[in-house]
Amino acid sequence: MEPLTQDDPERTWRGRFVPITGHRGYEFGWALEFEKMHARKGLLKHLESLPWPHPHTVQVLFRDQDDDCFGLWMFHEDRRVEVTIPRTERFHQPAPSNEDFEPDPGMLLRNDQDTALPDQTPVALRDSRPPW
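Numbering (numbering that gives the first Met the number 0), first residue to last: 0 to 131.
Written as structure tokens, this is what we have:
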């Protein structure tokens, strides 16, 4: 974990992980906060490339500013995949007309509330570039 706790200008993503400490001083996870969208580009691909001793125990939680809750990403067959959380759905915007714009992960919204949900963009019209 140590290389991920230090800034590295060679990475495509910016920032460093800091330990999450419980009330008795035990570390039980790591956190990273991004200030801008472009700072996160390539993070999951980077985590996927690391030699985890037990990759099945690695869980990544993402929450964008427009999300209702955290999204859960885990490794499955050496790839990171988003795990569907009950009562949630990720809504996507149509892909931008060119690649001048950063990839958009969509919004993870709860679908068990009495609120109107946006229209879902068909898969063929979504941005296929990875946002993380």
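Where is the CB? At the ideal position from N, CA and C, for every residue including glycine.
Determine the contact status of residue i and residue j, defining contact as a CB-CB distance below 9 Å.
i, j, result
"Q92", "M73", "no"
"L31", "R10", "no"
"G105", "R128", "no"
"L107", "F69", "yes"
"W29", "L3", "yes"
"D67", "R109", "yes"
"P50", "D77", "no"
What residue range does the beta strand (DSSP E) around residue i cover?
i, result
"L46", "From DSSP, L46 is part of no beta strand (DSSP E) but of the alpha helix (DSSP H) over L42 to S48."
"M106", "M106 to R109"
"F27", "E26 to A30"
"G70", "G70 to H75"
"V17", "V17 to T20"
"Q119", "Careful: Q119 lies outside any beta strand (DSSP E) and carries neither H nor E."
"L133", "The displayed coordinates of the chain run from 0 to 131. Any statement about residue 133 would go beyond what the structure contains."
"R79", "R78 to V82"
Only counting the same chain, and skipping five residues up and downstream in sequence, which positions put a Cβ closer than 7 Å to that of residue i?
i, result
"L42", "W12 and W131"
"F27", "I19 and G21"
"T120", "H91, Q92 and P93"
Just mark residue i as buried or exposed, buried being the case when its beta carbon has 16 or more other beta carbons within 10 Å.
i, result
"D126", "buried"
"R86", "exposed"
"P95", "exposed"
"F61", "buried"
"P102", "buried"
Using a Cβ-based criterion (distance less than 8 Å to any ligand heavy atom), does residue i qualify as near the ligand SAM?
i, result
"V57", "In the structure on display, the ligand SAM does not appear, and there are no ligands present to speak of."
So, at 8 Å on beta carbons, what are the nonlocal neighbours of residue i in its own chain, with the 5 sequence-adjacent residues on each side left out?
i, result
"D217", "Past the edges of the chain, shown from 0 to 131, lies residue 217, and the structure says nothing about it."
Excluding the 5 residues flanking residue i on each side, which residues of the same chain have their C-beta closer than 6 Å to its C-beta?
i, result
"R79", "L43, E47 and W72"
Check the DSSP bridge columns for residue i and list the partner residues they point to.
i, result
"R89", "L107"
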